[in-house]
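Structure first, commentary second.
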């Protein structure tokens, strides 16, 4: 057999974590894929593909063709009392098709990574916020507050993308303050050009509240807040007041009190904007959650955690969260095209539109393996700041249906 030529594709856009890196290099050998050059470990793992036969669709564990699996899925949905359409790891075309499916058959729509989004929403609903964008942080921010644990473990190129050595507008040596967990090796390497400091605390809410008071010219009573000496917080408040552009960033999904973290960070930013410029940059965006949420707002007028029944929609951030909705559902339609994310434990019937490498605790009643956007087919996702939509290109010839194609087969049979 003749050797297969290796093709190198440059400037590949990554759609996995929401950061939107668009400078990846991928080597293609037949149907095998592997990343090359600068890339985070998660993207390298999720891009890698072997040149092997695709997993077949199945019904009750028996291999079938796509049409047969789609017919079985349609039969389950027609007989369902309450369907949860969960996971929702898909591109914009898939999200649109799933919304159409919910309108036709009924169901609750929620994304597997929505906890952080709704903790942030809780703050926004109470106070609003002044949010910034990745480009603004990258080119203008001169003092960055990183709240909670070091996020570089989840977003492997975050500080490389967010805080480069040569910004367009920020002048002088820039500063990054970690409030909570210490910066890891990756963060320190990517921020080697900046001044890094660490305020160790297990109560970032108390630290943010004290910083807000100090920035407003008040001296809160006490010698320490969240275990951080008041003198250190006073010095930081003074530095923030002298900065040109302060940005606070956090991952609400990593905090049980993420809504309070968001609220205190927002209040601090509001106060700083009286005398300087500041903004919040909440982290998130895994598996196109921002794009799916945007699409539901456009189509239904509500965000994720919305139920569609009888051509009417209703939203409840608690009642229609995945964990709560599973308690009422008798059918789970699980969608995860970006990664082999298995569905949660569920006693009812499961229809899975899943990454072909997914390992299930319980074999789905219907399994339709689907291609990955940006790997097997083109698509569109949104960046975590919700400002930019990113085009994903196919890296190889598709042999599995996209989520949108699989959903159409289910709906149109």
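Numbering (the working numbering), first residue to last: 0 to 412.
Glycine residues also receive a C-beta, built at the ideal position from the N, C-alpha and C atoms.
Per the coordinates, the alpha-carbon of residue 364 lies some 34 Å from the alpha-carbon of residue 389. In the three-state scheme derived from DSSP, where H, G and I count as helix and E and B as strand, residue 258 is classed as helix. Taking a C-beta distance under 9 Å as the contact criterion, residue 335 and residue 86 qualify as a contact pair. Taken atom to atom, the span from the alpha-carbon of residue 130 to that of residue 138 is near 15 Å. With a cut-off of 8 Å on Cβ pairs, the segment 262-278 is not in contact with the segment 171-188, counting fewer than three such pairs.
Cα atoms of residue 15 and residue 44: separation of roughly 11 Å, rounded to the nearest angstrom. Check the Cα spacing between residue 371 and each of 141, 28, 338: the tightest is with 338. Within 10 angstroms of the beta-carbon of residue 114 lie 16 or more other beta-carbons, which makes it buried.
Close CB contacts of residue 226 within its chain, under the 6 Å cut and outside five residues either way in sequence, are with 200 (chain order). Boundaries of the beta strand (DSSP E) harbouring residue 146: 142-147, taken from the DSSP string.
Around the beta-carbon of residue 89, 16 or more other beta-carbon atoms lie within 10 Å, marking it buried.
The three-state secondary structure of residue 40, taken from DSSP, is helix. Nearest Cα to residue 373 within the set 12, 8, 3: 12. Per DSSP, residue 374 is not a residue of any alpha helix (DSSP H), being assigned neither H nor E. When the beta-carbon positions are compared, residue 93 and residue 406 come within less than 9 Å of each other. Rounded to the nearest angstrom, the gap between the Cα atoms of residue 119 and residue 52 is 42 Å.
Proximity to residue 67 across 56, 322, 278 peaks at 56, based on C-alpha coordinates. Here residue 124 is exposed. Its C-beta has fewer than 16 other C-beta atoms within 10 Å. Looking only at 239, 238, 281, 235, the smallest Cα-Cα distance to residue 248 is reached by 281.
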